[in-house]
Amino acid sequence: MKNTIVLNNKTNYEFKYLSLLQEIFDKLMNKLEVKSKTEISLNIVENNEIQKLSKIYRNKDKVTDILSFKNDWEILEPIIGYKMLGDLYISFKKVEEQAKEYKHSELREWSYLFGHGIMHIMGNDHLTKKDEDYMHSYIELVLKEMNIRRKNGKN
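In short: position in the sequence shown from 1, add 42, done, that's my numbering.
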């Protein structure tokens with residue numbers, strides 16, 4: 043497989059979306075015109091672990107939904123032969139909570155957060171409205187192609 047997700051489920055949560063996220067990963071890499079082999083680590087964690095990481099790395103002592111840690115894949119790729127993109131940490135409890143809050147499925151929330159994390163690792167951010175729209179447009183394009191929508195039918 044050209045793009046690989048290394049799953050580290052550090053919880054008792056029964057994660058059932060790996061093949062779906064693999065498809066999202068493949069589609070995003072294609073849309074971003076990444077031609078070489080890639081790898082990303084997906085870490086499913088409890089709220090207390092993501093809060094600790096957020097405090098250490100973002101100086102924010104609060105539970106968040108996702109954290110993205112980019113590797114220096116530009117430097118590593120010539121050495122290891124592929125893009126080892128980085129690590130995503132997702133709180134499964136925040137996924138459940140936000141799916142209810144936004145009135146859509148957990149599948150939709152996992153899909154969006156995973157795509158969001160990939161876009162960060164690929165060097166994108168949402169500090170300005172223009173950057174946010176750019177980042178969001180790629181994610182939503184892939185989710186629309188896969189017919190992953192909010193319950194109200196909107197992306």
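From the three backbone atoms N, C-alpha and C, an ideal C-beta is built for every residue, glycine too.
Starting from residue i and walking both ways along the beta strand (DSSP E), at which residues does that stretch end?
i, result
"residue 11", "Shown here, the chain extends from 43 to 197; a query on residue 11 therefore has no answer."
Which residues share a DSSP beta bridge with residue i?
i, result
"residue 76", "In DSSP, residue 76 forms no bridge with anything."
"residue 49", "84"
"residue 111", "129"
Just curious, the alpha helix (DSSP H) that residue i is in, first and last residue?
i, result
"residue 165", "Neither: residue 165 is in no alpha helix (DSSP H) and is coded neither H nor E."
"residue 178", "171-187"
"residue 100", "89-100"
Between residue i and residue j, is the Cβ-Cβ spacing less than 9 Å?
i, j, result
"residue 159", "residue 110", "yes"
"residue 89", "residue 135", "yes"
"residue 128", "residue 113", "yes"
"residue 68", "residue 51", "no"
"residue 162", "residue 192", "no"
"residue 92", "residue 132", "yes"
"residue 81", "residue 142", "no"
"residue 78", "residue 119", "yes"
At a Cβ threshold of 9 Å, is residue i touching chain B?
i, result
"residue 121", "In the displayed structure, chain B is absent; only one protein chain is listed."
### Task
Would you be able to state if there are at least three C-beta pairs under 8 Å between the stretch 68-77 and the stretch 104-111?
Of all C-beta pairs linking the stretch 104-111 to the stretch 68-77, fewer than three are shorter than 8 Å, placing the two stretches out of contact.
### Task
Report yes or no: do three or more beta-carbon pairs, one from the stretch 153-171 and one from the stretch 52-66, lie closer than 8 Å?
The stretch 153-171 vs the stretch 52-66: in contact.
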